[in-house]
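*Asks:* Before I ask anything, let me first share the structure, which is written out below as structure tokens.
In our numbering, the protein residues as written are 12 to 343.
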């Protein structure tokens, strides 16, 4: 009798508090890039990210089996809000891993980083969370960069490798000030249109769970190595949804580390052959050739001095495209 009484008192006078639901679930896909992924996860940790609480977000690390694994211990060492899932399947595409991770996500919004080799700047999570409050149908994108002063698919032809990149990173003390990464980077090919326009894709893209479900997540039809154009396809479908608004977190960045990826770390002949396969796969799924979305973008966030490095070229690109559109319309 006494035990039942004490149990009643405990349940009703001292109810257990449920853990708060995180606002953001960040999915990071890892394959054969242990050191680069470790840097990426550090850049998502509370040690590095500014003005946020660990309860605000969770990081879901999904690692596909490889000869160079990050492992659960290293992944979880970055914080109690990190979760790790190991997959040993036959797929050469990250799409199944992404959709699996989304099923595990408990956050109100889902952020996908399809390439675990992309470290981010210290305000990425804070600014993304702020942008989610603008609209439930926002498509929130962080511009993409390559470490080095040329895109890596070109730089590797001139000898750029992981050793050179390690020296480059150590020269800017990025762990102390992640905005220094802007000083040793260039726009990636799919972000070269700059801050004020839509790009070709986003390697750090956030949508609400509602929008995720409407889009059906990533398309499982993309089965080629590296996922083919699955990331570009998701970005395009999200941007072209009739109710969405694209928000570029221009003051932050997603920086690609060299790791021998399908489109950034192979010799030109192999890379071009892979791209041909990717574009053919897209056309077979969509019934048309891939064209990047052309939608207006809302620029959001507070700029650091370093991130302003890329503002002039963004303005120049914007006006060149707008002027071309105006001149074309005038001549018709």
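All residues carry an ideal CB built from backbone N, CA and C; glycine is no exception.
Beta-carbon separation of residue 240 and residue 209 under 8 Å?
*Replies:* Along the chain shown, one-based indexing puts residue 240 at 229. Along the chain shown, one-based indexing puts residue 209 at 198. No; because the gap between Cβ atoms is not below 8 Å, this pair is not in contact.
*Asks:* Just mark residue 326 as buried or exposed, buried being the case when its beta carbon has 16 or more other beta carbons within 10 Å.
*Replies:* As a position in the chain shown, residue 326 is number 315, starting the count at 1. The residue in question, residue 326, is exposed, as its Cβ has fewer than 16 Cβ neighbours within 10 Å.
*Asks:* Can you list, in chain order, the residues of its chain whose CB lies under 6 Å from that of residue 252, leaving out five sequence neighbours each side?
*Replies:* On the chain shown, residue 252 is found 241 positions in, with the first residue counted as 1. Excluding sequence neighbours, residue 252 sits near nothing in its chain.
*Asks:* Take residue 306 and list the residues in its own chain whose beta-carbon comes closer than 6 Å to its own, dropping the five residues that flank it on each side.
*Replies:* Working through the chain shown from its first residue, we reach residue 306 at position 295. The residues are 209, 250 and 257.
*Asks:* Counting pairs of Cβ atoms below 8 Å between the segment 155-171 and the segment 194-207, do you hit three or more?
*Replies:* Touching, yes.
*Asks:* Is the segment 167-177 touching the segment 263-272, taking contact as three or more C-beta pairs under 8 Å?
*Replies:* Result yes; three or more Cβ-Cβ pairs closer than 8 Å.
*Asks:* Can you list, in chain order, the residues of its chain with a C-beta nearer than 7 Å to that of residue 132? Leave out the 5 residues immediately preceding and following it.
*Replies:* Along the chain shown, one-based indexing puts residue 132 at 121. Within the same chain, residue 132 has close Cβ partners 189, 190, 192, 263 and 264.
*Asks:* Under a three-way DSSP split, which group does residue 238 fall into?
*Replies:* On the chain shown, residue 238 is found 227 positions in, with the first residue counted as 1. Three-state DSSP puts residue 238 in a helix.
*Asks:* What is the C-beta distance between residue 260 and residue 142, in whole angstroms, given that I count them as a contact (C-beta under 8 Å)?
*Replies:* As a working note, residue 260 is residue 249 in the chain shown. As a working note, residue 142 is residue 131 in the chain shown. That pair is a contact at about 6 Å.
*Asks:* I'd like to check one pair, residue 67 with residue 35: are the Cβ atoms closer than 8 Å?
*Replies:* Reading the chain shown from its first residue, position 24 is the one you call residue 35. Reading the chain shown from its first residue, position 56 is the one you call residue 67. Result yes, Cβ atoms of residue 35 and residue 67 sit closer than 8 Å.
*Asks:* Looking at the unbroken beta strand (DSSP E) that takes in residue 217, where does it start and where does it end?
*Replies:* Numbered from 1 along the chain shown, position 206 holds the residue referred to as residue 217. Segment 216-219, the beta strand (DSSP E) holding residue 217.
*Asks:* Count the other CB atoms, across all protein chains shown, that sit within 10 Å of the CB of residue 174; report buried if there are 16 or more and exposed otherwise.
*Replies:* The count along the chain shown starts at 1 and reaches residue 174 at position 163. Classification for residue 174: exposed.
*Asks:* Who are residue 197's beta bridge partners in DSSP?
*Replies:* For the purposes of this step, residue 197 is taken as the residue at position 186 of the chain shown. 157, per the DSSP bridge assignment.
*Asks:* Are residue 92 and residue 76 touching if we call contact CB-CB under 8 Å?
*Replies:* For this step, residue 92 is matched to residue 81 along the chain shown. For this step, residue 76 is matched to residue 65 along the chain shown. Cβ distance not < 8 Å, so residue 92 and residue 76 don't count as in contact.
*Asks:* Indicate the three-state DSSP secondary structure (helix, strand or coil) for residue 338 in the structure shown.
*Replies:* Within the chain shown, the letter at position 327 stands for residue 338. Interpretation of residue 338 is limited by its pLDDT of 47, a score under 50 that renders its predicted location unreliable; the figure taken from the coordinates is listed afterwards. Correct three-state label for residue 338: helix.
*Asks:* Quick one: complete beta strand (DSSP E) runs, 3+ long, within the segment 277-323?
*Replies:* Listed in chain order, the complete beta strand (DSSP E) runs (minimum 3 residues) inside the segment 277-323 are 308-311.
*Asks:* Specify whether the segment 276-296 and the segment 202-221 touch according to this definition: at least 3 beta carbon pairs, one from each stretch, less than 8 Å apart.
*Replies:* Counting Cβ pairs under 8 Å, fewer than three are found: no touch.
*Asks:* Compute the Euclidean distance between the alpha carbons of residue 287 and residue 64, then round it to the nearest angstrom.
*Replies:* Taking the first residue of the chain shown as position 1, residue 287 is located at position 276. Taking the first residue of the chain shown as position 1, residue 64 is located at position 53. Computed Cα separation, rounded: 44 Å.
*Asks:* So residue 152 and residue 216 are in contact, right, with Cβ under 8 Å, and what is the actual spacing, rounded?
*Replies:* Indexing the chain shown from 1 puts residue 152 at position 141. Indexing the chain shown from 1 puts residue 216 at position 205. With 8 Å as the limit, residue 152 and residue 216 qualify as a contact, their Cβ atoms being about 5 Å apart.
*Asks:* Express the C-alpha separation of residue 207 and residue 338 in angstroms, rounding to a whole number.
*Replies:* Within the chain shown, numbered from 1, the residue matching residue 338 stands at position 327. Within the chain shown, numbered from 1, the residue matching residue 207 stands at position 196. At residue 338, the pLDDT of 47 sits below 50, so the modelled position is not reliable; the number obtained from the coordinates is stated separately. The straight-line gap from Cα to Cα measures roughly 20 Å.
*Asks:* Closer than 6 Å by C-beta to residue 293: which residues in its own chain qualify, once you throw out the five before and the five after it? Chain order, please.
*Replies:* Within the chain shown, the letter at position 282 stands for residue 293. If we look at residue 293 and ignore the five residues flanking it on each side, its Cβ neighbours are 240 and 301.
*Asks:* Taking the alpha carbon of residue 234 as the point to measure from, which residue in 176, 106, 290 and 89 has its own alpha carbon closest?
*Replies:* Against the chain shown, residue 234 aligns to sequence position 223. Minimum Cα distance to residue 234 is reached at 106.
*Asks:* Output the distance between the C-alpha atoms of residue 148 and residue 130, rounded to the nearest integer angstrom.
*Replies:* Here residue 148 refers to the residue found at position 137 when the chain shown is read from its first residue. Here residue 130 refers to the residue found at position 119 when the chain shown is read from its first residue. Spanning the two alpha carbons is a distance of roughly 26 Å.
*Asks:* Compute the beta-carbon to beta-carbon distance between residue 90 and residue 57, rounded to the nearest angstrom, for a pair I have assumed lies under 8 Å.
*Replies:* For this step, residue 90 is matched to residue 79 along the chain shown. For this step, residue 57 is matched to residue 46 along the chain shown. Yes, they are in contact, since the Cβ atoms of residue 90 and residue 57 sit about 6 Å apart, within 8 Å.
*Asks:* What do you reckon, are the CB atoms on residue 41 and residue 118 nearer than 8 Å?
*Replies:* Numbered from its first residue, the chain shown carries residue 41 at position 30. Numbered from its first residue, the chain shown carries residue 118 at position 107. No; because the gap between Cβ atoms is not below 8 Å, this pair is not in contact.
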